[in-house]
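Numbering (full-length UniProt numbering), first residue to last: 1 to 1116.
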């Protein structure tokens, strides 16, 4: 049965036939199948086959998988309860008499005092004093479970003989790292009594040691033995249970450590001024290393539970995923609403095409967000064009104008009311035509025409600008230095124009809304405040403008106006003419729809089945009125909701970044990376300072939040790489042919020369441009009403370049402008570097992507997580454009390492002859070790023979998210890079052996901030295998002498075991850890031997020629 695990075919049987086929299988086979299912899938399986329910309800079935899921659910439910309690306390306006409140134990207290001890007892762990648990408890608890009544775990190796099963597994593990070495790292109560522990139990204890201390990863365990070998292979179901137990322990361990506040306790001796440091978790592993293991186990389970789809032999068609297949196979009926939440790159359009092809007799309307999307859909649906019409919602509304508003319809067509229309052979329900492009009537607002149409004069608008209005309006979010009402001036010649701009902006907001009539709520109060006009009186003119628009007497209107008319119509013929012939309406990119569009789509649910599809987290057009209302399940309840989570664009590492961003706003449904062909590593931290300007060698794309930073980067990039070609993928207004003249005009404006450039209209000086930009930054209105704010923002942002006397790197600005313009190309294929912004990048993808540093407003701090939903979405869109490689911004990188970790150390299989520093002859370094020992003795610590004691295994290094290395041939990474000295370790990706433990411990003059994690691991390993009986090196006493100053004991918080309720912080929900940094890279070309001698000289160590000769011999 295992051969066909999680396989599905595109020819999926009907549920009834499937149930009949399953009932024919033996009970043992059915139970074997359920062993590969998640807990939710098991529940669904038993609903089809209810007689299995008593069997899967047994305690032994999925015991640890069920417990880890239940613990996670209870924990997050407790977090919700704590957050609700805090909100309720904050909402209480005045103190309440305590006797009036009913004293009830909190949910957090119940979790901590009842549920948690119960789970730990189930695991074989008893909480000790102060509620601490040690890392070694995982080994001890496994032993207790194995020695208890019954067997806690099945043997990992599928073999009839338990002893032979154990021998096979240990032989495979010994090839990774000698078993005797791993045994020496286990608690002495286990390593000294292995004969009393059952084979299967000790195998799991050993495997745990390999996962913690060796290079072995969860994904590699199955490959320890050939799959389905007749001589024994690793059982996936047994492994799933074991890893569930480890995952449960790591989550509980992390929770308790978070409540303990810190992992270091200090004791200061007043006589010797010596500080002894003790880790409460007793582990040589940092929280980051355990965090990495936890994330890797989670990744293993994501793969384990995934249903893998295989295509039929000889088929050229790419098979659907299980999620896609479920949606495609689900029939929709009139009155139903299906919602498909599709993450970036998950193939939602392919799903819609397959959905249509499977229903050739259904008439379908595909509604695209804009014209470009409509043209793309025409190509995608070309094989089913007879049944699928692809239209924008504007074109649908345009074709309904003759029913919605005949007067406006005639005016759009250039006719007058009463003029006869040409007949149509197809009758009034003709095929939907595309909306016209801009013409004299349908266009953007012409302020002069509106002023004339409304009859706005100084006299008619004077009351609007002279009547007081109290601006202390909390709903607007505005606050002013004085509380005086606004009073404008009646004789300002720009008043009619100003009022026209205010009310046309109000019409735009009204057209984006679902409101039936224009009101004061549709005016921008910030805009009114700037114009010094009374919004209550301006509302009268707002209503008047809408009245003449719907009467057909306006000289012009925008396309959104007739869309709004269609949204408000009560004429059933309008809907019948446009939607009536369709059985299904597909609304794509629904997250970008404004409430007006959502209202139109929702109205059709009684006549057709509605499929709403999109990614709620790609809603980045809030400035256009988008509010994600289509995915508001309270406003538009779905009949069914589907999720497409497997992205074919990128792999797991980039998916981790996407999940980090989405997790910050509470999303629990994970993105799954499905591109296995990309390089690894795929996610990079930014290069170290001083090397950020060095670009990768190959073509790459840099994505910005703002156009200003994009243009700045363009000049910086050109100054560093003048021979590289650059493609500016921006809006038409910022295309290369228009941006260069604008920047030149901006330069002369800065020099005090007024310009006639059309985008600088209305601005006479650079200071005036700065004033407009500053006002806009403090305004609630996203766009200007009289000047081109995006253009002014760009020009003002270039002030530092205009100001520089010597230009950029000594090149005058105008000369740089002319030279750089010659390196701009219009085709991406010809470009070395592609520059774009997040809005323009949506829907696109590139191999290598760099996230610019201006994505900062969404990640200001962990207390508020990500402040703005749209800022989160922009960052998510930008990061999910990468196919192969992604370089993070500094702020995002700092956030990422708290969640996923950046590096880990492991005991290397290499012996100390591979040590880069001593080549296995460290005892010859007496001149250094003796000096360090003497220094420790002076501080009251006896470390005689510490450095020369044996054994001294090597330590390896693995970077989970390495820094991009500009010195590499491809400008990204050099996997074979070796450090020239200890300070260059952070530059590497993977080192099977850095140095031996003794050499690492002789580097104590390096600061703790640089290599603290490495020292902790080396000292912990040393203490466990070679120095455990020393008075200062017990199992839980990690040696930190010489790296912490005595007075630091007052700088770090004392260990304090807090309650979960008092310790809770939102970062705990995301599993965030304190950021760890292995240190900055030292680019000096100092050899290992020179490094050691340099440290000896710095410490004042004395050595003679014999010492030098002995040391040099070690490198021969």
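Glycine residues also receive a C-beta, built at the ideal position from the N, C-alpha and C atoms.
In chain order, which continuous runs of the beta strand (DSSP E) of length 3 or greater are located wholly inside the region 604-667?
609-614, 640-644
Residue burial classification, residue 618 (beta-carbon count within 10 angstroms, cutoff 16):
Residue 618 should be labelled buried.
Hey, quick one: how far does the beta strand (DSSP E) through residue 184 stretch, first residue to last?
Unbroken run through residue 184 is the alpha helix (DSSP H), 179-184; no beta strand (DSSP E).
Cβ-based neighbour list, residue 586, same chain, cut-off 6 Å, excluding 5 preceding and 5 following
352, 366, 611
In chain order, what residues of the same chain lie with their CB nearer than 8 Å to the CB of residue 209, ignoring the 5 residues before and after it?
These residues qualify, in order along the chain: 139, 182, 183, 185, 186.
Mind the definition here: the region 341-348 touches the region 373-393 only if three or more C-beta pairs lie below 8 Å; say whether that holds.
no
Determine, using beta carbons only, whether residue 464 and residue 500 come nearer to each other than 7 Å.
no
Excluding sequence positions up to five away, which residues of its chain have a Cβ less than 6 Å from the Cβ of residue 82?
108, 1061, 1064
Per-residue burial, residue 754 [other beta carbons within 10 Å of its own, 16 or more giving buried]
When all chains shown are included, residue 754 counts as exposed.
If contact is defined by three or more beta carbon pairs under 8 Å, each pair taking one atom from either stretch, is the region 151-164 in contact with the region 221-234?
At 8 Å Cβ cutoff, the stretches touch.
If we count the other Cβ atoms within 10 Å of its Cβ and call it buried at 16 or more, is residue 421 buried or exposed?
Reliability of the predicted coordinates at residue 421 is poor, the pLDDT of 44 falling under 50, and no value is obtained from them.
Taking all protein chains shown into account, decide if residue 24 is buried (16 or more other Cβ within 10 angstroms of its Cβ) or exposed.
That one is exposed.
DSSP bridge partner residues for residue 996 (one or two, in chain order):
954
Could you round the C-beta distance between residue 111 and residue 74 to whole angstroms and report it? I think they count as a contact, below 8 Å.
6 Å
Alpha-carbon to alpha-carbon, residue 791 and residue 820
19 Å
Nearest candidate by alpha-carbon position, reference residue 850, set 965, 125, 704
704
Quickly, what does DSSP pair residue 366 with across the bridge? List them, please.
390, 586
Name, in chain order, the residues that DSSP records as bridge partners for residue 702.
Per DSSP, the beta bridge partners of residue 702 are 835, 850.
Per-residue burial, residue 142 [other beta carbons within 10 Å of its own, 16 or more giving buried]:
buried
Residues sharing a beta bridge with residue 561, DSSP:
Paired residues: none, contrary to the question.
Chain-order list of residues whose beta-carbon lies under 6 Å from that of residue 968 (same chain, five-residue window excluded)
Within the same chain, residue 968 has close Cβ partners 974.
Reduced DSSP category for residue 1043 - H, G, I as helix; E, B as strand; rest coil:
Legend: pLDDT at residue 1043 = 37, less than 50; position of this residue unreliable, no value from coordinates given.
Name, in chain order, the residues that DSSP records as bridge partners for residue 907.
When beta bridges are read from the DSSP output, residue 907 appears opposite 955.
Can you tell me whether residue 817 sits near the ligand MN, meaning its C-beta is under 6 Å from at least one heavy atom of the ligand?
By its list of ligands, the structure shown contains no ligand whatsoever, and the ligand MN lies outside what it can speak to.
Run through DSSP, which three-state label would residue 763 get?
coil
In this structure, how does DSSP classify residue 577 when only helix, strand and coil are distinguished?
helix
Report the three-state DSSP secondary structure of residue 771 (helix, strand or coil).
helix
Helix, strand or coil: how does DSSP classify residue 66 here?
helix
Residue span of the alpha helix (DSSP H) that contains residue 789, given as start and end:
Here the alpha helix (DSSP H) through residue 789 covers 789-797.
Closer than 8 Å by C-beta to residue 1025: which residues in its own chain qualify, once you throw out the five before and the five after it? Chain order, please.
181, 184, 185, 951, 953
Considering only DSSP beta bridges, list what residue 442 is partnered with.
557
For residue 461, which beta-bridge partners are listed by DSSP?
Bridge partners of residue 461: none, in fact.
Backbone secondary structure at residue 339 - three-state DSSP:
Three-state DSSP puts residue 339 in a strand.
Three-state secondary structure (DSSP) of residue 990
strand
Are the region 516-525 and the region 451-462 touching by the rule of at least three beta carbon pairs closer than 8 Å?
no
With a threshold of 8 Å on Cβ separation, who are the neighbours of residue 687 within its own chain once the five nearest residues in sequence on each side are excluded?
Excluding residues within five positions, the ones whose Cβ falls inside 8 Å are 694, 963, 964, 965, 966.
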